[in-house]
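*Asks:*
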Amino acid sequence: MGMAESVKMEHLAKTGSDHAPLLLYFGGHQPHIRKSFKFLKFWVEEADFKDVVKRSWVAHENSNIFITIKQKMKNTKYALACWSKERFGDIFKQLIIREEIARLKEEFFEENPIVSNRTVLQSGQAELKKYLQFEEEFWRQKTRIQWFPEGDRNTRFFHSLVKGRRKRLSLSRIIKEDGKWAEGNEHVAAEAAFFFQKQFSSENVPAYLFLLNHVPTLVTVEMNRGITKAPLEEEVKRVIFKLNGKSASGPDGLIGIFFQSC
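Residue 57 in numbering that gives the first Met the number 0 sits at position 58 of the sequence shown, and the numbers go up by one each step.
#1: Kindly list the residues whose CB is nearer than 7 Å to the CB of W180, restricted to its own chain and excluding five residues on each side of it in sequence; keep chain order.
#2: I need the boundaries of the beta strand (DSSP E) containing E232, first residue and last residue.
#3: Count the other CB atoms within 10 Å of the CB of F257; is the residue buried (16 or more) or exposed (fewer)?
#4: Below 8 Å on the Cβ atoms is my guess for L120 versus E105; work out the distance and round it to an integer in Å.
#5: Check each candidate in N63, I64, F137, F38 and name the one with the smallest Cα separation from V52.
#6: For E109, does the three-state DSSP call read helix, strand or coil?
#7: Please determine, among S55, P20, T75, the residue with the shortest C-alpha to C-alpha distance to G252.
#8: How about the segment 64–71 and the segment 83–101: do they share at least three Cβ pairs that are nearer than 8 Å?
#9: Just reading off the beta strand (DSSP E) that I174 is part of, what are its end residues?
#10: Rounded to a whole number of angstroms, what is the C-alpha to C-alpha distance between T219 and K228?
#11: Note the first and the last residue of the continuous alpha helix (DSSP H) segment covering E190.
#12: Express the C-alpha separation of F48 and W146 in angstroms, rounding to a whole number.
#13: What would DSSP say about E85, mapped onto helix, strand or coil?
#14: Who are the Cβ neighbours of F107 in its own chain at under 8 Å, not counting the five residues just before and after it?
#15: Distance, Cα to Cα, L21 vs F41?
#16: My assumption, with CB atoms under 8 Å, is that I254 sits in contact with K245. Please give the rounded CB distance.
#17: Look up L22 in the DSSP assignment and say whether it is helix, strand or coil.
#18: Identify whether E60 lies in helix, strand or coil by the three-state DSSP scheme.
#19: Between E134 and the rest of its own chain, which residues show a CB-CB distance below 8 Å, the 5 nearest in sequence each way excluded?
#20: Identify every residue that forms a DSSP beta bridge with W180.
#21: Any idea if R139 is buried or exposed, counting beta-carbon neighbours within 10 angstroms, 16 or more meaning buried?
#22: From the DSSP output, in three-state form, read off E45 for me.
#23: On the DSSP bridge assignment, give the partners of E9 in chain order.
#24: With burial defined as no fewer than 16 other Cβ atoms inside 10 Å of the residue's Cβ, what is the status of G123: buried or exposed?
#25: If you reduce the DSSP assignment to three classes, tell me which class L103 lands in.
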């Protein structure tokens with residue numbers, strides 16, 4: 000606790016237990032990073048998901064097929080992001096709100112335990128459990144754990160894996176050419192840029208490139224024609240449906256289940 004800049008404690012609702020859990024917040028400085036689009040798997044379970052995709056997909060046409068597809072993907076991601084914000088909001092903030100609502104309904108029922116108040120309490124708890132499932136699915140997708148059984152809720156387990164991965168992927172300092180440490184985001188970024196600029200800006204052309212003239216041509220004209228021809232629609236569909244729908248997203252933020260569902 001002494002390492003945190005601030006500590007905050009909160010009593011959560013007693014959903015699924017006779018005890019109210021305590022939630023601790025440890026504050027610290029985190030650099031702001033602009034988030035890229037990420038497709039969430041539980042979106043496909045919503046009844047109007049396909050309608051959102053269909054409306055945004057048919058909204059753009061261009062004579063160049065590649066520009067058309069790129070724009071359609073861009074439109075679809077934007078439409079899904081807006082739809083998700085309206086439908087679910089920030090699931091973590093909404094979860095906090097649902098927890099507070101459930102807690103207030105618990106207190107109200109304990110003060111006046113009549114049937115109508117029990118119904119109100121159960122409604123609040125059902126809404127809270129729904130957002131708890133969203134949170135669990137978010138972290139499950141983030142960790143990309145395949146062996147963890149569906150239905151086994153352990154959000155803390157998923158969260159700890161993501162935090163561990165982030166910690167491994169983060170760089171707080173690097174060694175410079177002179178053997179000294181560069182620390183802090185600005186110095187690390189500057190040193191990394193300097194390293195790669197030096198690495199890829201060599202003016203000397205390697206003398207051994209002439210050896211490429213002696214490499215035999217093993218790909219025939221017929222083979223090359225088969226490799227470069229456009230794939231059939233059925234071939235593309237077959238490959239897409241063989242994808243692991245829950246695997247990591249590509250640079251566009253979409254995962255296999257998006258294409259399989261649409």
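Every residue, glycine too, gets a C-beta built ideally from N, C-alpha and C.
*Replies:* This is what the structure holds:
#1: Mapped onto the sequence shown, residue 180 falls at position 181. Around W180: R172, I174.
#2: As a first step, residue 232 is located in the sequence shown; it is residue number 233 there, counting from the start. No beta strand (DSSP E) holds E232; the alpha helix (DSSP H) holding it covers 232–240.
#3: Residue numbering aside, residue 257 sits at position 258 when the sequence shown is read from its first letter. Looking at its Cβ environment, which holds 16 or more other Cβ atoms inside 10 Å, F257 is buried.
#4: Here the question's residue 120 lines up with position 121 in the sequence shown. Here the question's residue 105 lines up with position 106 in the sequence shown. About 6 Å separates the two Cβ atoms, so the contact holds.
#5: Mapped onto the sequence shown, residue 52 falls at position 53. Closest option to V52, Cα to Cα, is F38.
#6: Position 110 of the sequence shown, counting from 1, holds the residue named residue 109. Under the three-state reduction of DSSP output, E109 falls in the helix class.
#7: Along the sequence shown, one-based indexing puts residue 252 at 253. Comparing Cα-Cα distances from G252 to each of S55, P20, T75, the minimum goes to T75.
#8: A contact between stretches requires three or more CB pairs, one per stretch, nearer than 8 Å, and the segment 64–71 fails this requirement with the segment 83–101.
#9: Position 175 of the sequence shown, counted from the start, is the residue given in the question as residue 174. Residues 172–174.
#10: In the sequence shown, counting from the first residue as 1, residue 219 sits at position 220. In the sequence shown, counting from the first residue as 1, residue 228 sits at position 229. Straight-line spacing of the CA atoms in T219 and K228 works out to 14 Å.
#11: Here residue 190 is taken as the residue at index 191 of the sequence shown, counted from 1. 184–199 is the span of the alpha helix (DSSP H), which, as asked, contains E190.
#12: Within the sequence shown, residue 146 is the residue found at index 147, counting from 1. Within the sequence shown, residue 48 is the residue found at index 49, counting from 1. With a pLDDT of only 44 at W146, under 50, the local geometry of the prediction cannot be trusted, and the value read off the model is given with reservation. Cα to Cα, the separation comes out at about 27 Å.
#13: Within the sequence shown, residue 85 is the residue found at index 86, counting from 1. Per DSSP, reduced to three states, the secondary structure at E85 is helical.
#14: For the purposes of this step, residue 107 is taken as residue 108 along the sequence shown, with counting starting at 1. Excluding residues up to 5 positions away in sequence, N116, V119, L120 lie with their Cβ nearer than 8 Å to the Cβ of F107 in the same chain.
#15: Numbered from its first residue, the sequence shown carries residue 21 at position 22. Numbered from its first residue, the sequence shown carries residue 41 at position 42. For L21 and F41, the gap between their C-alpha atoms comes out near 28 Å.
#16: Along the sequence shown, read from residue 1 onward, the residue named residue 254 stands at position 255. Along the sequence shown, read from residue 1 onward, the residue named residue 245 stands at position 246. The Cβ separation is near 7 Å, so the contact holds.
#17: The residue given as residue 22 occupies position 23 in the sequence shown. In the structure shown, L22 sits in a strand (DSSP, three-state: E or B).
#18: Walking along the sequence shown from the start, residue 60 turns up at place 61. Collapsing the DSSP output to three states places E60 in coil.
#19: If you number the sequence shown from 1, residue 134 lands on position 135. Around E134: I90, F91, L94, T154.
#20: Counting from one through the sequence shown, the residue named residue 180 turns up at place 181. The partner list for W180 (beta bridge, DSSP) reads I174.
#21: Counting from 1 along the sequence shown, the entry for residue 139 is found at position 140. Residue environment: R139 is assigned as buried (16 or more neighbouring CB atoms within 10 Å of its CB, all protein chains considered).
#22: As a working mapping, residue 45 is identified with position 46 in the sequence shown. Three-state result, E45: coil.
#23: Counted from its first residue, the sequence shown places residue 9 at position 10. Looking at the DSSP assignment, E9 forms a beta bridge with L22.
#24: As a working mapping, residue 123 is identified with position 124 in the sequence shown. Label assigned to G123: buried.
#25: For the purposes of this step, residue 103 is taken as the residue at position 104 of the sequence shown. If DSSP states are grouped into helix, strand and coil, L103 belongs with the helices.
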